[in-house]
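A.B. asks:
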Amino acid sequence: MNMTDEISQKIESLGYTLPQVPAPIGSYLNCVRTGNQLHLSGGLPFVPEDKIQGVVPTVTSVEVAQMGAKLVVLNRLAVAKAELGSLDKITQVVSLSGFVNSASDFYDHPLVINAASDMLVEIFGDPGRHARIAVGVSALPLNASVEISMILEVED
Amino acid sequence: MNMTDEISQKIESLGYTLPQVPAPIGSYLNCVRTGNQLHLSGGLPFVPEDKIQGVVPTVTSVEVAQMGAKLVVLNRLAVAKAELGSLDKITQVVSLSGFVNSASDFYDHPLVINAASDMLVEIFGDPGRHARIAVGVSALPLNASVEISMILEVED
Amino acid sequence: MNMTDEISQKIESLGYTLPQVPAPIGSYLNCVRTGNQLHLSGGLPFVPEDKIQGVVPTVTSVEVAQMGAKLVVLNRLAVAKAELGSLDKITQVVSLSGFVNSASDFYDHPLVINAASDMLVEIFGDPGRHARIAVGVSALPLNASVEISMILEVED
Chain A
8 MNMTDEISQK
18 IESLGYTLPQ
28 VPAPIGSYLN
38 CVRTGNQLHL
48 SGGLPFVPED
58 KIQGVVPTVT
68 SVEVAQMGAK
78 LVVLNRLAVA
88 KAELGSLDKI
98 TQVVSLSGFV
108 NSASDFYDHP
118 LVINAASDML
128 VEIFGDPGRH
138 ARIAVGVSAL
148 PLNASVEISM
158 ILEVED
Chain B
8 MNMTDEISQK
18 IESLGYTLPQ
28 VPAPIGSYLN
38 CVRTGNQLHL
48 SGGLPFVPED
58 KIQGVVPTVT
68 SVEVAQMGAK
78 LVVLNRLAVA
88 KAELGSLDKI
98 TQVVSLSGFV
108 NSASDFYDHP
118 LVINAASDML
128 VEIFGDPGRH
138 ARIAVGVSAL
148 PLNASVEISM
158 ILEVED
Chain C
8 MNMTDEISQK
18 IESLGYTLPQ
28 VPAPIGSYLN
38 CVRTGNQLHL
48 SGGLPFVPED
58 KIQGVVPTVT
68 SVEVAQMGAK
78 LVVLNRLAVA
88 KAELGSLDKI
98 TQVVSLSGFV
108 NSASDFYDHP
118 LVINAASDML
128 VEIFGDPGRH
138 ARIAVGVSAL
148 PLNASVEISM
158 ILEVED
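Protein chains in written order, with the numbering used here: chain A, 8 to 163; chain B, 8 to 163; chain C, 8 to 163.
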């Protein structure tokens with residue numbers, strides 16, 4: 008019996024591509040499952056060809072930071088797929104924590120993190136709708152413009 | 008059979024009023040339930056008549072930020088009540104994450120967040136006692152002085 | 008029947024000592040259990056003889072901040088032991104959130120938090136490997152250099 012993965016097909020049909028699973032930047036795991044929860048580590052907007060770095064909005068524009076937020080969603084889903092076998096096993100995106108590398112007079116963190124939230128709804132439909140924290144921080148690992156972690160609810 | 012809501016009565020008897028459920032500031036939900044956990048999004052200290060904004064303690068005093076922390080608790084409980092029907096279904100406040108819009112030489116974040124923690128104990132008694140994170144951040148959405156999220160344990 | 012605590016013996020054999028359970032700095036609990044999860048409050052790198060305080064790396068070096076991260080792991084495990092009776096009841100470290108009191112041009116937060124992550128693996132082996140968030144923040148309670156919270160999976 009083959010495992011279905013309609014969500015992966017949906018991602019493709021939307022024109023997105025799941026990247027290779029990124030290596031953790033440090034001595035931790037990309038995700039840990041406990042019961043029906045999959046806790047994903049904070050992901051950064053880095054792909055082999057590009058790193059989205061710098062303070063928003065002075066060094067990195069809101070638009071570029073939004074692209075970064077989408078990159079993180081895709082690399083987090085790559086992590087979940089490697090763990091679960093199929094993204095169809097995700098029954099609900101429970102929560103998303105978004106940290107924006109932020110100038111102290113920048114207040115539009117929700118605009119940046121909306122790009123991630125919207126993408127999750129685009130991909131999963133209603134089960135992609137989640138609780139959320141969005142905050143601005145003074146510095147992120149490797150000068151990333153955004154870091155996003157998630158808790159997913161998954162099938163038994 | 009009517010659903011009891013002794014906690015809502017307690018809130019009233021303490022002289023507090025639950026506000027209208029605030030609209031999320033972005034494309035996310037105010038809360039998501041998974042199993043016996045209700046994950047509440049980060050709430051801001053905004054009411055229709057007032058917004059508590061600015062850096063603590065240079066723009067906003069500790070005392071005003073504490074009022075803000077209490078406003079957030081009330082709007083988070085309004086969210087929980089809308090979701091659960093009755094606040095009596097909350098069996099335990101599990102954790103609270105408090106982010107304070109903080110000057111870099113301000114170290115009294117616990118004083119600000121204590122206002123939220125104390126209010127939860129005042130309302131719920133022992134089940135209101137929770138694990139907590141309190142940190143200072145360089146900027147918050149819409150220049151809010153404080154953002155608070157919570158995980159609640161709820162009845163089946 | 009005595010409760011085993013091989014993990015506590017392992018900690019001793021590694022030359023570490025669990026400190027006294029620290030008092031919470033505010034009106035909250037050191038930890039709350041819900042189902043099979045133990046949520047630990049954010050801990051600070053303070054012992055009676057010493058406090059590791061100040062911005063990394065300008066006031067506090069990466070090396071000292073790493074010592075601080077290890078101190079927090081030990082005081083978090085002291086909290087867990089007081090709650091559970093035995094650290095053998097921990098079946099998995101699920102997630103760790105590390106906040107570094109960070110200069111705005113410091114990008115090596117993972118180096119600081121790795122000290123905590125490595126120590127957990129040293130103590131627990133594979134079940135010590137966890138999902139992780141590491142971010143830099145502009146200020147921490149009592150000017151601590153690092154704050155770390157954790158979610159642990161525990162036996163029934």
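A virtual CB, placed ideally from N, CA and C, is assigned to each residue, including glycine.
Computed from a predicted structure; not experimentally measured.
1. Give the C-beta separation of A76 of chain C and N108 of chain C to the nearest angstrom, bearing in mind that I take them to be a contact with Cβ-Cβ under 8 Å.
2. If contact is defined by three or more beta carbon pairs under 8 Å, each pair taking one atom from either stretch, is the segment 54-61 of chain B in contact with the segment 136-155 of chain B?
3. May I ask which residues mark the beginning and end of the alpha helix (DSSP H) holding V142 of chain A?
4. Do S104 of chain C and I14 of chain C come within 9 Å of each other at the CB atom, strictly closer than that value?
5. Between the C-alpha atoms of N37 of chain A and P31 of chain A, what's the straight-line distance to the nearest angstrom?
6. Report, in whole angstroms, the separation of the C-beta atoms of M153 of chain A and A72 of chain A, which I expect to be a contact under 8 Å.
7. Is H116 of chain A closer than 9 Å to V100 of chain A when the C-beta atoms are compared?
8. From E160 of chain A to P134 of chain A, what does the alpha carbon distance come to, in whole angstroms?
9. Given G49 of chain C, which residues of its chain have a CB within under 6 Å of its CB, disregarding the five upstream and five downstream residues?
10. Should N121 of chain A be flagged as near chain B, meaning a C-beta pair shorter than 9 Å?
11. Quick one, which residues of the segment 133-157 of chain C are near chain A if we go by CB-CB under 7 Å, in chain order?
12. Might you give, ordered along the chain, the residues of its own chain that have their beta carbon closer than 7 Å to the beta carbon of A122 of chain B, omitting 5 neighbours on each side?
13. Please report the Cβ distance between Y35 of chain C and R139 of chain B, rounded to the nearest whole angstrom; I am assuming they are in contact, meaning their Cβ atoms lie under 8 Å.
14. Using beta-carbon positions only, say whether L51 of chain A and I130 of chain A come within less than 9 Å of one another.
15. Going along chain B in order, which residues have a C-beta closer than 9 Å to the C-beta of L36 of chain C?
16. Exposed or buried, what is T7 of chain A when buried is set at 16 or more other beta-carbons lying within 10 Å of its beta-carbon?
17. Let me know if M126 of chain C comes out buried or exposed under the rule of 16 or more other beta-carbons within 10 Å of its beta-carbon.
18. Hey, S102 of chain B and I158 of chain B are a contact pair by Cβ (cut 8 Å); roughly how many whole angstroms apart?
19. Per DSSP, which one or two residues make a beta bridge with S102 of chain B?
20. Against H46 of chain A, what residues of chain B qualify as contacts under a CB-to-CB distance less than 7 Å, listed in chain order?
21. Among the candidates A:D112, A:L91 and A:Q27, whose CA atom is the shortest distance from the CA of H46 of chain A?
22. Can a CB atom of chain B be found closer than 9 Å to the CB of T41 of chain C?
23. Can the beta-carbon of M88 of chain A be found less than 9 Å from the beta-carbon of E162 of chain A?
24. Quick check on I32 of chain C - is its C-beta less than 9 Å from some C-beta in chain B?
25. Cα separation between T98 of chain C and G42 of chain C?
26. With 16 other CB atoms within 10 Å as the buried threshold, where does G132 of chain C fall?
27. Just verifying my parser: in three-state terms, what is the DSSP assignment at G75 of chain C?
28. Compare the Cα-Cα distances from V28 of chain A to each of A:S124, A:L118, A:L81 and A:F113 and report the closest residue.
29. Compare the Cα-Cα distances from Y114 of chain B to each of B:V144, B:H137 and B:P26 and report the closest residue.
30. Is it right to say Q44 of chain A is buried, meaning 16 or more other beta carbons lie within 10 angstroms of its own, or is it exposed?
C.D. replies: A quick look at the data gives this:
1. No, A76 of chain C and N108 of chain C are not in contact; Cβ-Cβ is about 12 Å, not under 8 Å.
2. yes
3. From DSSP, V142 of chain A is part of no alpha helix (DSSP H) but of the beta strand (DSSP E) over A138 to V144.
4. no
5. 6 Å
6. Reading off the sequence, residue 153 of chain A comes out as Val, not Met. Their Cβ separation, rounded to whole angstroms, is 6 Å, which keeps V153 of chain A and A72 of chain A in contact under 8 Å.
7. no
8. 10 Å
9. E154 and S156
10. yes
11. R136, H137, A138, R139, I140, A141, V142, G143, V144 and S145
12. Q73, A76 and K77
13. 4 Å
14. no
15. R136, H137, A138 and R139
16. Look at the range of chain A in this structure, 8 to 163, and you will see that residue 7 of chain A is not part of it.
17. buried
18. 5 Å
19. B:A138 and B:I158
20. Ordered by position in chain B, no residue passes the 7 Å Cβ test against H46 of chain A, which lies about 12 Å from the chain.
21. A:L91
22. yes
23. Checking the sequence shown, residue 88 of chain A turns out to be Lys, not Met. Going by C-beta atoms, K88 of chain A is not nearer than 9 Å to E162 of chain A.
24. yes
25. 13 Å
26. exposed
27. helix
28. A:L81
29. B:V144
30. buried
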